[in-house]
Amino acid sequence: MRIDLLTLFPDMCRTVLTESITGRALAKGLFELEIHNFRDYTTDKHNRVDDEPYGGGMGMLLTAQPIYDCIAAVKKLRDEPAHVIYMSPQGKTLTQKRVTELSKLPRLIILCGHYEGVDERVLEETVDEEISMGDYVLTGGELPSLALCDAVLRLVPGVLSSEECFLSESHMNGLLEYPHYTRPAEWMGRRVPEVLLSGHHAMIEKWRREQSVLRTARKRPELLESAELSFTEKIIAGKEKNLSEE
Ligand code: 4GT
């Protein structure tokens, strides 16, 4: 996987991705990351990358030229075809399913907008997919881009310590995760569920699966529609869902 991130705030992006798990994986060479400032591509004599919107209105827009030239130059850095993503509240909301698909592509170019947005024509000319992080507005596309990078990179082989650790996690199977506990076995009068202390692995697996179904029914019942449940699990979920809707 290679990711090129296009932003006016390269330091902000670098700081985040060179920390912790993604930082370690980057140092190990498990993926390639390059961060580009499209201001470096402006042909404006004052180094400007923004201008007033035609038709009037508040705020400034990013101009087409620096973004187009930056994407064109970045594409040439490698032979593999690149999938160009623009992070925007107008895109489709990101899901774990889409993250999994994107993690299998050889190359992503991710464009972060800023101010009021970007001249529409450069989006039409260059962007393959618009992705949103949810129905709210931010001052820039950097935080959503970083979230996308993080979600994709943790699926790159070797980034997480073992494969199971992401297979069982939230949303990979369409269900929420079961609750987790660590030492001490009793804290503020609350005991860890006894089954987890039993050492009985089959029972623990069964309990965890049941807890996943129960909490999904309780907290995010809409996720159950696309989850694969056994007959018994459907009954458990149905009861719980009815209870939470009462
Ligand atoms: C929200 C999201 C996003 C923004 C989101 C262009 C100028 C967009 C500012 C940018 N806000 N970007 N990707 N919900 N703001 O994903």
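Per the working numbering, residue 886 is the first one in the sequence shown, and the count goes up by one each step. Where a beta carbon is used, it is the ideal one built from N, C-alpha and C, also for glycine.
Distances from the CB of SER973 to the heavy atoms of the ligand 4GT include at least one below 6 angstroms. Scanning SER973, GLY942, PRO974, ALA1036 for the CA closest to the CA of GLU986 turns up ALA1036.
No Cβ-Cβ contact shorter than 7 angstroms links THR892 with LEU1038. If you look at MET897, you'll find it in the alpha helix (DSSP H) that goes 895-902.
Taken atom to atom, the span from the alpha-carbon of PRO1029 to that of VAL1080 is near 39 angstroms. Taking a contact to require three or more Cβ pairs closer than 8 angstroms, the segment 970-983 and the segment 942-954 do not qualify as touching. Not one heavy atom of the ligand 4GT is found less than 6 angstroms from the C-beta of GLY942.
Using a Cβ distance threshold of 7 angstroms, VAL901 and LEU1040 do not count as a contacting pair.
Using a 10 angstroms sphere on the CB of SER905, the tally of other CB atoms stays under 16, which defines it as exposed. By alpha-carbon distance to GLY1025, the top candidate from MET945, ALA967, GLU1107, ILE956 is MET945. Within the same chain, VAL1080, LEU1081, SER1083 come within 8 angstroms of ILE1089 by CB-CB distance, once the 5 residues on both sides are set aside. Going by beta carbons, ILE888 and LEU918 fall inside the 7 angstroms limit. TYR971 counts as buried, since no fewer than 16 other beta carbons sit within 10 angstroms of its beta carbon. In the structure shown, ASP929 adopts coil according to DSSP, grouped into three states. For the 7 angstroms CB-CB criterion, SER1097 and LEU1060 form a contact.
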